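J.: Okay, handing you the structure first.
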Amino acid sequence: MVARFMTLKEAVASCVKDGDTIAMEGFTHLIPHAAGNEIIRQGIKDLTLIRMTPDMIYDQLIGAGCAKKLVFSWGGNPGVGSLHRLREAIQDHWPHKLEIEEHSHAAMANAYDAGAAGLPCAVFKGYRGAELPRVNKNIKFIECPFTGERLAAVPSIRPDVTVVHAQKANKKGDILFEGIVGVQKEAVLAAQKSIITVEEIVDDFGDVSPNAVMLPNWAVTAIVEVPGGAHPSYAQGYYKRDNAFYKAWDPIARDREAFKAWIEEHVMNGGPEDFAAKRDANKA
Amino acid sequence: MVARFMTLKEAVASCVKDGDTIAMEGFTHLIPHAAGNEIIRQGIKDLTLIRMTPDMIYDQLIGAGCAKKLVFSWGGNPGVGSLHRLREAIQDHWPHKLEIEEHSHAAMANAYDAGAAGLPCAVFKGYRGAELPRVNKNIKFIECPFTGERLAAVPSIRPDVTVVHAQKANKKGDILFEGIVGVQKEAVLAAQKSIITVEEIVDDFGDVSPNAVMLPNWAVTAIVEVPGGAHPSYAQGYYKRDNAFYKAWDPIARDREAFKAWIEEHVMNGGPEDFAAKRDANKA
Amino acid sequence: MVDYSPTEMMTVSAARALKNDDVCFVGIGMPSAACNLARLTHAPELTLIYESGTIGTKPDVLPLSIGDGELCETAMNTVAVPEMFRYWLQGGKISVGFLGAAQLDKYGNINTTVIGDYDNPKVRLPGGGGAPEIATSCGEVFIVMKQSKRGFVEKIDFVTSLGHGTGGEDRASYGVETKGPSRLITDLCIMEPHPMGKQFIVTSIHPGVTREDIIENTGWDVEFADEVAQTPIPNENELSVLRALHARTAKAHEGQQ
Amino acid sequence: MVDYSPTEMMTVSAARALKNDDVCFVGIGMPSAACNLARLTHAPELTLIYESGTIGTKPDVLPLSIGDGELCETAMNTVAVPEMFRYWLQGGKISVGFLGAAQLDKYGNINTTVIGDYDNPKVRLPGGGGAPEIATSCGEVFIVMKQSKRGFVEKIDFVTSLGHGTGGEDRASYGVETKGPSRLITDLCIMEPHPMGKQFIVTSIHPGVTREDIIENTGWDVEFADEVAQTPIPNENELSVLRALHARTAKAHEGQQ
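Residue numbers (the working numbering), protein chains in the order written: chain L, 282 to 565; chain Z, 282 to 565; chain V, 756 to 1012; chain H, 756 to 1012.
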């Protein structure tokens, strides 16, 4: 099955349904914010959200009531402070109770790797002396059959859908990631379906390195051109991280009413086409 | 400990000793033949040789009597036929008995990966219904603690020394691999010490991709400039695979005397400086 | 009407088994010729993957080894070997694995390890390489191999890689969910596994070959399907593309040293 | 004689703990300032690694997040996050991990998960991120943290990452072979683990700080080494480099939106 080019609306409508397990990845870089907004706009519910760093993108989805559960390893607004929507969901069950499954970065990175590798679990040297295994039943320990060494195991991550943002697709639908590539490739390969938003669709990638970080068109489900679609995160070579926006998010997210008004104005009454202007304002 | 630039003689003398476990890698591409010759010249003995595809480079080391044991997954002269020195060592114990530990490619690739990752073993979906587990005690099976699925396990590969060839080092000693990168990076990271022969030492790598396959100088022990050092394999961007030489190896290796004469002439009376001419004859 | 050799018949038949949207893990030798012939004829979008890490490669000449420079230069992308075996093969991304063999039984179990006893072999063969996991992780497996009593045996000396095991549901008993060997293409005929028993049965015979030829060159009791087809002969385009590919390859591999 | 703040004293002291040949896994915030100050002063060849995958990065301004573009643009190489945690951190390639904390006990065990009960937290903190494995896989760990009774507690509410456990040989009982927290740098003093008991003891006091200041801002019974040094004050170069770094950073982060 070769990837299809679609609108963002079509891509989310055809790939994401209520109750799905979804990974939206991007490690500071290339976070698929436009796609996150589209999921809120389509009113999708009961999602299990997976993400190493559920920063602003999941703060929005959680506050908007799309999430049933969160699987994560670090939930903050990096360099700014807390995620107030996440915090309120956990502490005060608003807009409703949020189940959490908490891991370390190493565990999640290994779990994505194992998911991409078709394994049921990831085995790693982790959680030694740490308390998370007491509160997370999805952390177990096994013994190395050769040395007897005690190793941590977590279930692999195998989402129904993975959504990521990349710099480029070519006309055939192959995808190119550059810079901080995070766990995007693993997250796509681990998933049943995938949506890739891209800055641009090009005829070909030119003289790109043979060892570039890429996905072939047959390993991807839907491709959507959304210039600026990672804003307020960034796309190396296209625009810079909008650090000021991350700081501005803090007071918005602190207040339920301010948050609801922001979602109404920018998400419910907005669309993916709004992101190009944000890209232009943060040109590299 | 930052990498040191050395001669090949110094590098082998300081990093490789009798009885070591050594991995010389390169998947068709970038096979460190000049370094292999140097190990024969220095008369190093009782090596445990590890390599996925012990092609001509290990045929030479085994025939020359350097090896006690071979750990491998495919032992042939690709596209040509058998490795006659390997075959004779196994079938007729010449020049002496050779212990073998045989795996599949998937097992060895996973074992290098696990070695680089500091794990005692690799866990993978392998060897299902295959007979090697009957004859190789280093293949065991474990159960996934979440699904109960039966998974294969092999000890990770953690050589005393890894020897590989790369296209470039920069003046600081960082290493750049391009093209078919095989398991070289993993093999170096899995080892206690490493020798990297390179086609050339450059001031800097220019505008190489941020995601290029590289090793920093502090992850490498010894660097040696040996132009043509991968001949008769190839170095992408420098020279082509000398397929004719691989074919010519067959009659040489078939015959003990022809083999001994070849080693005497080209290895014992040769040196790393001979490889530049071979590179020139096979220019890309 | 064109002239062709049995090997050409085999290669063309093997090529035809591949579809345009297949992702194919290519073994060296005969599989490589068949896979590239398919790509150069009816399946231009066929994705070829070699275990050296090259994805979507379109070589102009056949590689002598599975890691020739041509494979990387013409590939969409080249990944490290652990990634190839972990994310792409084990990750279930490959639809067809194409294997050859030294010894084969009627259930498609393959031996490329030893002839004779493992510890005291009569002939030490190269070994499994990628085959043990190609055989279980690819969606299905095609085997291409010249037919002979020596190669097609009742019992193989060593099970390098699993086919249908002892037949029937045995393959699944190893926790393997993929289809396994679904087609065996030889220089005499095409065989496919029996739907229930999983033993290979002859489903198509190449023109000019008799049932006796097949029986004489097979070490197990040959079974024929109720309806046995005649394999269509290579067409002119297939033959000319295949011959040109071999000619380019010979020239490229001799031009050195 | 120059003027400096307690935070500057802390950052400079933390920077000085790093050696030129260290390979340092950098947490965000205070560790990032200290590590880059070291690189810009006495340790120009110091290798800085951020968990986003950047190796040998030399940012001109401090990143707001651990994955800012500046980190990649100035790095020797950028790898995928699974590779970073698997080959580089777990693989034992990192000599120093630099961590901050919300709560800390005298054995260097760290809490960045919750204040209060895990299931009904008073305050939900960001969580462990890379810390649980940074704490066990790096050769040694430096902790940098402003001193307060609220943060320096007798018993932390949740053990996000292991320090010396319950002291003595407890850390090794988890199969951990690395050194663990070997230095705690605060705005008041420097503490190091007791050679036997492994509890932190004050080994150096910053100028102008009294023993009482330290005792009042610590939730456990403070121990002082037999010989307590006075921390050398920041020199002019350290301060000017640090201030210029902060000024560049502030300008860069405000210049947008």
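Yeah, the Cβ is synthetic: ideal placement off N, Cα and C, and Gly gets one too. These numbers were taken from a predicted model, which means no experiment stands behind them.
1. In chain order, what residues of the same chain lie with their CB nearer than 8 angstroms to the CB of L/I420, ignoring the 5 residues before and after it?
2. If you measure beta-carbon to beta-carbon, which residues of the stretch 402-420 of chain Z are closer than 9 angstroms to chain V?
3. Whose C-beta lies closer than 7 angstroms to the C-beta of V/Q1012 among residues of the same chain, with five residues either side of it excluded?
4. Got a sec: which bits of the stretch 474-499 of chain L sit with their beta carbon under 9 angstroms from any beta carbon on chain Z, in order along the chain?
5. For L/G323, does the three-state DSSP call read helix, strand or coil?
6. CA-CA distance, H/S787 and Z/F486?
7. Which same chain residues, not among the five before or five after H/S892, have their C-beta less than 6 angstroms away from its C-beta?
8. Is L/A294 close to chain H? Criterion is C-beta to C-beta, closer than 8 angstroms.
9. Determine the chain V residues that contact L/V283 at a beta-carbon separation under 9 angstroms, and present them in chain order.
10. What residue range is occupied by the uninterrupted alpha helix (DSSP H) comprising L/D561?
11. Quick check on the DSSP output: the alpha helix (DSSP H) that includes Z/R535 runs from which residue to which?
12. Is the beta carbon of Z/G362 less than 8 angstroms from the beta carbon of Z/D523?
13. Under 8 angstroms between C-beta atoms, does L/T428 make it to chain Z?
14. Tell me whether V/G852 sits in a helix, a strand or coil according to DSSP, three-state version.
15. May I have the straight-line CA-CA distance separating L/K541 from L/K528, to the nearest angstrom?
16. Using Cβ-Cβ distances below 9 angstroms, what residues of the stretch 443-468 of chain Z are close to chain L?
17. Between V/K813 and the rest of its own chain, which residues show a CB-CB distance below 7 angstroms, the 5 nearest in sequence each way excluded?
18. Looking at chain L, is there any beta carbon in it that lies within less than 8 angstroms of the beta carbon of Z/A387?
19. Less than 6 angstroms between C-beta atoms, sequence neighbours within five positions excluded: which residues of the same chain meet that for Z/M337?
20. Where does V/R998 fall in DSSP's three states?
21. With 8 angstroms set as the bound, which would you pick, yes or no: does the beta-carbon of Z/K564 sit closer than that to a beta-carbon of chain V?
22. Between H/G883, H/I988, H/I870, H/V908, which has its C-alpha nearest H/I1014's C-alpha?
23. Can you confirm whether L/F308, when its beta carbon is compared against all beta carbons of chain H, has any partner nearer than 8 angstroms?
24. Measuring only between beta-carbons, confirm whether H/Q1011 sits less than 8 angstroms from chain Z.
25. Between the beta-carbon of V/I945 and the beta-carbon of V/S928, is there less than 8 angstroms?
26. Could you give the distance in angstroms between the alpha-carbon of H/G811 and the alpha-carbon of L/G346?
27. List the whole-angstrom C-beta distance separating V/T833 from L/N492, where the pair is believed to meet the contact cut-off of C-beta under 8 angstroms.
28. Does H/R905 pass the burial test, meaning 16 or more other C-beta atoms within 10 Å, or should it be called exposed?
29. Is there a C-beta anywhere in chain Z that falls below 8 angstroms from the one on H/Y805?
30. Can you give me the start and stop residues for the alpha helix (DSSP H) that L/D394 sits inside?
31. Does the beta-carbon distance from V/E993 to V/L792 come in below 8 angstroms?
32. Can you tell me whether DSSP reads Z/F486 as helix, strand or coil?
33. Does L/A434 get closer than 8 angstroms to chain Z when you measure Cβ to Cβ?
34. Please go through the stretch 398-453 of chain L and give each complete alpha helix (DSSP H) segment of 4 or more residues, from N-terminal end onward.
35. Using a C-beta cutoff of 8 angstroms, does L/L400 count as contacting chain Z?
T.: A quick look at the data gives this:
1. The residue given as residue 420 of chain L occupies position 139 in the first sequence. The residues H384, A388, Y408, L413, P414, A433, A434, V435, in chain order, have a CB closer than 8 angstroms to that of L/I420 in the same chain once the five nearest residues on each side in sequence are set aside.
2. The residues in question are F405, K406, G407, Y408, R409, G410, A411, E412, L413, R415, V416.
3. Along the third sequence, one-based indexing puts residue 1012 of chain V at 257. Any answer about V/Q1012 is weak, because its pLDDT of 40 lies below 50 and its placement is not dependable; what the coordinates show is given next. The answer is none, since no qualifying residue turns up.
4. Along the stretch 474-499 of chain L, going in chain order, the ones with a CB nearer than 9 angstroms to a CB of chain Z are V489, S490, P491, N492, A493, V494.
5. In the first sequence, the residue the question calls residue 323 of chain L occupies position 42. The question names Gly, yet the displayed sequence has Gln at residue 323 of chain L. It is coil, neither helix nor strand.
6. Here the question's residue 787 of chain H lines up with position 32 in the fourth sequence. Here the question's residue 486 of chain Z lines up with position 205 in the second sequence. Looking at the two C-alpha atoms, the distance is approximately 27 angstroms.
7. For the purposes of this step, residue 892 of chain H is taken as residue 137 along the fourth sequence, with counting starting at 1. Hits under 6 angstroms: L844, Q845.
8. In the first sequence, the residue the question calls residue 294 of chain L occupies position 13. With a threshold of 8 angstroms between beta carbons, L/A294 makes no contact with chain H.
9. Counted from its first residue, the first sequence places residue 283 of chain L at position 2. Under the 9 angstroms cutoff, chain V gives D776, E800.
10. Position 280 of the first sequence, counting from 1, holds the residue named residue 561 of chain L. 556-562 is the extent of the alpha helix (DSSP H) around L/D561.
11. As a first step, residue 535 of chain Z must be located in the second sequence, where it is residue number 254. Z/R535 -> alpha helix (DSSP H) spans 524-535.
12. For the purposes of this step, residue 362 of chain Z is taken as the residue at position 81 of the second sequence. For the purposes of this step, residue 523 of chain Z is taken as the residue at position 242 of the second sequence. Not in contact: Z/G362 and Z/D523 (Cβ atoms no closer than 8 angstroms).
13. Mapped onto the first sequence, residue 428 of chain L falls at position 147. With 8 angstroms as the cut-off, L/T428 counts as an interface residue toward chain Z.
14. Along the third sequence, read from residue 1 onward, the residue named residue 852 of chain V stands at position 97. In this structure, V/G852 counts as strand in the three-state DSSP scheme.
15. For the purposes of this step, residue 541 of chain L is taken as residue 260 along the first sequence, with counting starting at 1. For the purposes of this step, residue 528 of chain L is taken as residue 247 along the first sequence, with counting starting at 1. Note on geometry: alpha-carbon atoms of L/K541 and L/K528 lie some 18 angstroms from one another.
16. Correct list: F458, E459, G460, I461, V462.
17. Here the question's residue 813 of chain V lines up with position 58 in the third sequence. Contacts found: R794, T829.
18. Translated into positions along the second sequence, residue 387 of chain Z becomes position 106. No, because no Cβ of chain L sits closer than 8 angstroms to the Cβ of Z/A387.
19. Taking the first residue of the second sequence as position 1, residue 337 of chain Z is located at position 56. Contacts found: W530.
20. Indexing the third sequence from 1 puts residue 998 of chain V at position 243. When DSSP states are grouped into helix, strand and coil, V/R998 belongs to the helix group.
21. On the second sequence, position 283 is the one that residue 564 of chain Z refers to. Taking a beta-carbon distance threshold of 8 angstroms, Z/K564 does not count as an interface residue toward chain V.
22. The question about residue 1014 of chain H has no answer, for chain H in this structure spans 756 to 1012.
23. The residue labelled residue 308 of chain L in the question sits at position 27 within the first sequence. Any Cβ of chain H closer than 8 angstroms to the Cβ of L/F308 would place that residue at the interface, and such an atom is present.
24. Here residue 1011 of chain H refers to the residue found at position 256 of the fourth sequence. Residue placement at H/Q1011 cannot be trusted, given a pLDDT of 47 that sits under 50; what the coordinates show is reported in the next sentence. At least 8 angstroms separates the CB of H/Q1011 from every CB of chain Z.
25. Working through the third sequence from its first residue, we reach residue 945 of chain V at position 190. Working through the third sequence from its first residue, we reach residue 928 of chain V at position 173. It is not a contact, given that the beta carbons lie outside the stated cut-off.
26. Numbered from its first residue, the fourth sequence carries residue 811 of chain H at position 56. Numbered from its first residue, the first sequence carries residue 346 of chain L at position 65. Approximately 41 angstroms, taken between the alpha carbons.
27. As a first step, residue 833 of chain V must be located in the third sequence, where it is residue number 78. As a first step, residue 492 of chain L must be located in the first sequence, where it is residue number 211. About 6 angstroms separates the two Cβ atoms, so the contact holds.
28. Residue mapping note: residue 905 of chain H aligns to position 150 of the fourth sequence, counting from 1. By the C-beta density criterion, H/R905 is exposed, having fewer than 16 other C-beta atoms within 10 angstroms.
29. Taking the first residue of the fourth sequence as position 1, residue 805 of chain H is located at position 50. In terms of beta-carbon proximity, H/Y805 stays away from the interface with chain Z, with every pair separated by 8 angstroms or more.
30. Taking the first residue of the first sequence as position 1, residue 394 of chain L is located at position 113. L/D394 -> alpha helix (DSSP H) spans 386-397.
31. Within the third sequence, numbered from 1, the residue matching residue 993 of chain V stands at position 238. Within the third sequence, numbered from 1, the residue matching residue 792 of chain V stands at position 37. Taking a C-beta distance under 8 angstroms as the contact criterion, V/E993 and V/L792 qualify as a contact pair.
32. Counting from 1 along the second sequence, the entry for residue 486 of chain Z is found at position 205. Annotated three-state conformation of Z/F486 is coil, per DSSP.
33. The sequence position of residue 434 of chain L within the first sequence is 153, counting from 1. Using a CB distance cut-off of 8 angstroms, L/A434 counts as an interface residue toward chain Z.
34. Entirely contained in the stretch 398-453 of chain L, the alpha helix (DSSP H) runs reaching 4 residues are, in chain order, 413-416.
35. Against the first sequence, residue 400 of chain L aligns to sequence position 119. For L/L400, the answer is yes, since a Cβ of chain Z falls inside 8 angstroms of its Cβ.
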